[in-house]
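K.L.:
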Amino acid sequence: MKQLIFIGLLLIFALSCNESINKELSAFDKEMTASKHPGKKLMETNCYVCHSPTLSHDERIGPPMIAVKKHYLRKTTTKEEFKKAIQDWIDNPNENDARMRGAVRRFGVMPKQTFSEETIEQIADYMFDYDIEQPEWFEEHFKNNKKRGM
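So the sequence shown is residues 4 to 153, counted in my numbering.
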């Protein structure tokens with residue numbers, strides 16, 4: 004009898020542990036994980052100088068990082084493809100390879116940057132996996148430009 008109770012408790016414990024492993028992270032847990040990612044701090048330090056999520060549409064000197072993400076990330080884009088595309092652009096920004104034609108028309112081609120490959124990889128890794136802060140006006144702006152084929 005004691006063995007049956009022990010086996011029953013063991014099964015209940017094993018099954019309850021299995022369920023907790025499969026649960027998705029809460030929004031708070033996701034935010035905590037994102038805030039610890041080294042790419043987040045690198046993006047804020049190196050990219051937000053020109054690609055700030057807090058500037059108004061008219062005060063900008065470059066598109067917000069969320070716009071960069073949306074132009075480089077498609078439903079079928081793998082993380083490796085995304086990271087390579089970002090790295091290629093940083094290594095050689097030029098008008099012919101630009102994926103953000105509207106941004107090039109408005110701001111010009113991004114000046115060449117001298118970030119290490121590791122820095123760009125961590126920033127791109129963060130961008131791919133996590134939500135990026137965006138300006139209040141961005142969603143409406145993005146939808147309107149998408150409708151116009153931009």
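Cβ coordinates follow ideal geometry from the N, Cα and C atoms, glycine included.
Since the structure is predicted, the reported quantities are computational estimates derived from the model, not experimental observations.
In this structure, how does DSSP classify I126 when only helix, strand and coil are distinguished?
P.N.:
Residue state, collapsed to three classes: helix.
K.L.:
Taking all protein chains shown into account, decide if W140 is buried (16 or more other Cβ within 10 angstroms of its Cβ) or exposed.
P.N.:
Counting Cβ neighbours within 10 Å, W140 comes out exposed, since fewer than 16 surround it.
K.L.:
Classify I64: buried if its beta carbon has 16 or more other beta carbons within 10 angstroms, exposed otherwise.
P.N.:
So I64 ends up on the exposed side.
K.L.:
By how many angstroms is the C-alpha of A88 removed from the C-alpha of D100?
P.N.:
The alpha-carbon atoms of D100 and A88 are separated by roughly 10 Å.
K.L.:
For K157, does the count of other Cβ atoms within 10 angstroms reach 16, so buried, or fall short, so exposed?
P.N.:
Absent from the structure is residue 157, since the part of the chain shown begins at 4 and ends at 153.
K.L.:
Check for me: the alpha helix (DSSP H) holding L45 runs from which residue to which?
P.N.:
Looking at the DSSP string, the run of the alpha helix (DSSP H) that includes L45 is 41-49.
K.L.:
For F85, which three-state DSSP category applies?
P.N.:
F85 falls in the helix class under three-state DSSP.
K.L.:
Residues in its own chain within less than 6 Å of K82 by CB, not counting five upstream and five downstream?
P.N.:
Excluding positions up to five away in sequence, the list reads F131.
K.L.:
Just checking, does the region 118-127 make contact with the region 39-54 on the three C-beta pairs under 8 Å criterion?
P.N.:
Segments in contact, yes.
K.L.:
Determine the burial state of G60: buried for a count of at least 16 other Cβ atoms within 10 Å of its Cβ, exposed for fewer.
P.N.:
Before going on, a small fix: residue 60 reads as His here, not Gly. Its Cβ having fewer than 16 others within 10 Å, H60 is exposed.
K.L.:
Apart from the five residues just before and just after Q90, which ones in its own chain have a Cβ nearer than 6 Å to its Cβ?
P.N.:
The answer, listed in chain order, is I123.
K.L.:
Closest by CA to H40, which one among Y51, N148, D134?
P.N.:
Among Y51, N148, D134, the Cα nearest to that of H40 belongs to D134.
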